[in-house]
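**Q** Heads up: the sequence shown begins at 0 in numbering that gives the first Met the number 0, then just goes up one per residue. Before we start, here is the structure in question, set down as structure tokens.
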Amino acid sequence: MTEHSIRLSSSEIGGLWAVYLQENMAVCLLTYFLHHNQDEQIKKILQQAFEISDGHVQWITRIFTEEGIPIPDGFSEKDVNLSAPRLFYDMYGLSFVYAMNRMSMINTSFITVNTARKDVMDFFVAMVQQSSILYQQATTLMLEKGIYDRPPMIPYPNQVEYIESKSYVSGFGKKRPVNAAEITEIFFNTERNYFSILLCMGLLQVVKDKEIHEYIQEGKEISEKQIRTFNDILMREELLGNISVSMEVTDSTVSPFSDRLVVTLFHSLNAIDVTMIGHALSLSLRTDLAAYYEKYILEILLYSAKGFKIMVNRGWMQKPPHAPDRGKLQKI
0 MTEHSIRLSS
10 SEIGGLWAVY
20 LQENMAVCLL
30 TYFLHHNQDE
40 QIKKILQQAF
50 EISDGHVQWI
60 TRIFTEEGIP
70 IPDGFSEKDV
80 NLSAPRLFYD
90 MYGLSFVYAM
100 NRMSMINTSF
110 ITVNTARKDV
120 MDFFVAMVQQ
130 SSILYQQATT
140 LMLEKGIYDR
150 PPMIPYPNQV
160 EYIESKSYVS
170 GFGKKRPVNA
180 AEITEIFFNT
190 ERNYFSILLC
200 MGLLQVVKDK
210 EIHEYIQEGK
220 EISEKQIRTF
230 NDILMREELL
240 GNISVSMEVT
250 DSTVSPFSDR
260 LVVTLFHSLN
270 AIDVTMIGHA
280 LSLSLRTDLA
290 AYYEKYILEI
300 LLYSAKGFKI
310 MVNRGWMQKP
320 PHAPDRGKLQ
330 KI
């Protein structure tokens, strides 16, 4: 059998379906950032990111068409109001590319290892490579612009040591200093939440729907709570916590995005957040850190359920590809 005569597996269909919606949404957001961008260096990266995401949408559209799979209902120019005043300054567009590709490298890697058909595997491998390059370019430019906050520095270890006591995992009473892996997860979890707060700040100014406005406000409060928790841990360890970089939101009160796009974006970010905090939980040996991560995973899942309810009630939640109901099919 040739690669194209082999049917797509469930994992390949699910992965392509999810990435189509993700990249279709990215195209809309990048279109907005490109329209308002004034910095030529940032514009170059935004344009590259746009072309890559648009190419992904086109490739998946072609594969689904060839396989006779319906194309998901994505977003279009109707979901982006380019005539609205700019809501974010240029630096936020750059941070968007940075954050988008940092998360894409991780998420796409999970999908890649679940694929086998050559053309699909090649697509996802290339996508990971493209995300890596964009992430590197965005990070380099953020360093040049002075808006990249490096993780805390610690002394180099001078010898190999072994854990000699069960107290190493204790998060209560006298606690050992956080290790490098724990610092990393705390730092980048906090960074991700700063990104979320800036997004919420902007959208709270422009979203007029009361239910969605309250949903965004709750998301902002969850992010603020996580930042306080984890910055406090770093400060108690006498490690400088994350410093919020000023990438200010404008004073616009006109929404550049449809309510459907906004809530879908939050739904996607919630899923990524649960994945990232779960990863942090798996690497954190101190029980107090594990307890915080478990608490926030539950809180985000409950918060995400509210967004799910909004989307279902408004007819915005698409049903993902699923197995047939054999019981229903076998009824006489």
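Glycine included, C-beta positions come from ideal geometry on N, C-alpha and C. Every value quoted in this text rests on a predicted model; they were computed, and no experiment measured them.
1) Quick check: the Cα distance between L328 and T249, rounded to an integer number of angstroms?
2) Along the chain, where does the alpha helix (DSSP H) containing W58 start, and where does it finish?
3) Going by DSSP, name the residue or residues bridged to F87.
4) Helix or strand or just coil, what does DSSP make of V206?
5) Less than 8 Å between the CB atoms is what I'm expecting for I309 and V262, so what's the real figure, rounded?
6) Go through its chain and collect everything with a Cβ distance to V56's Cβ below 8 Å, but skip five positions before and after it.
7) Rounded to a whole number of angstroms, what is the C-alpha to C-alpha distance between M0 and I110?
8) From what residue to what residue does the alpha helix (DSSP H) around A337 run?
9) Count the other C-beta atoms from every protein chain shown that fall within 10 angstroms of the C-beta of H167, then say buried if there are 16 or more, exposed otherwise.
10) Can you have a look at I331 and say buried or exposed, based on whether 16 or more other CB atoms are within 10 angstroms of its CB?
11) Counting along the chain, where does the alpha helix (DSSP H) carrying I12 start and finish?
12) From T114 to S10, what distance separates their C-alpha atoms?
13) Please classify M152: is it buried, with 16 or more other beta-carbons within 10 angstroms of its beta-carbon, or exposed?
14) Do I196 and I232 have their C-beta atoms within less than 8 Å of each other?
15) Can you say whether R101 is buried or exposed, counting buried as having 16 or more other CB atoms within 10 angstroms of its CB?
16) Could you tell me the alpha carbon to alpha carbon distance between C199 and E210, rounded to whole angstroms?
17) Going by C-alpha to C-alpha distance, which of Q216, F32, S283 sits closest to Q204?
18) Relative to the alpha-carbon of F123, which residue among V112, R227, N312 has its alpha-carbon at the smallest distance?
19) Give a yes or no on whether the C-beta atoms belonging to M141 and Y91 are separated by under 8 Å.
20) DSSP three-state call for F256: helix, strand or coil?
21) Output needed for A179: all residues of its chain with C-beta closer than 7 Å, excluding positions within five of it in sequence on either side, in chain order.
22) Pull the bridge partners of V79 from the DSSP assignment, please.
23) Alpha carbon to alpha carbon, how far is E39 from S82?
24) To the nearest angstrom, how far is it from the Cα of D258 to the Cα of I271?
**A** On the basis of the coordinates in this document:
1) 55 Å
2) 39-66
3) V248
4) Of the three classes helix, strand and coil, the one that applies to V206 here is coil, per DSSP.
5) 6 Å
6) Taken in chain order, the residues that qualify are Y19, E22, N23, V26, G73.
7) With a pLDDT of 41 at M0, under the threshold of 50, the modelled position of this residue cannot be trusted; read the value that follows with caution. M0 and I110: Cα-Cα distance of roughly 24 Å.
8) Because the chain here runs from 0 to 331, residue 337 falls outside it and cannot be looked at.
9) Correcting the residue identity first, residue 167 is Tyr in this sequence and not His. Answer is exposed; the Cβ neighbour count stays below 16.
10) exposed
11) 9-35
12) Taking C-alpha positions only, T114 is separated from S10 by approximately 7 Å.
13) Under this definition M152 is an exposed residue.
14) no
15) buried
16) 14 Å
17) Q216
18) V112
19) no
20) Here F256 sits in strand by DSSP.
21) Residues of the same chain with a CB within less than 7 Å of the CB of A179, apart from the 5 flanking positions on each side, are I153 in chain order.
22) Beta-bridge pairing links V79 to F256.
23) 21 Å
24) When rounded, the distance between both Cα atoms is 20 Å.
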